[in-house]
Amino acid sequence: MVLEDIPSIEELAEITGQAEEQLQKDREASSRMAQSSCEEPRRHADE
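The UniProt record's numbering puts the first residue of the sequence shown at 1, with every later residue one more than the last.
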């Protein structure tokens, strides 16, 4: 996906019918999860 194709929170609210506040909270939570997963050392499945 190209970054230009990512809809804004306002567009997502209109498309999905969800509240903008909830979408903002979801975006912030996913950003925190992505950042923390980048900071954690990678482990193999057999460890």
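All residues carry an ideal CB built from backbone N, CA and C; glycine is no exception.
Which residues in the same chain have their Cβ closer than 8 Å to the Cβ of G17, if we skip the five residues on either side of it in sequence?
What you label residue 17 is simply residue 17 of the sequence shown in a count that begins at 1. So the list is empty, once near-sequence residues are dropped.
Same chain, Cβ closer than 6 Å to L12, five either side skipped, listed in chain order
Against the sequence shown, residue 12 aligns to sequence position 12. L23, listed in sequence order.
Residues in its own chain within less than 7 Å of E10 by CB, not counting five upstream and five downstream?
For the purposes of this step, residue 10 is taken as the residue at position 10 of the sequence shown. These residues qualify, in order along the chain: E20.
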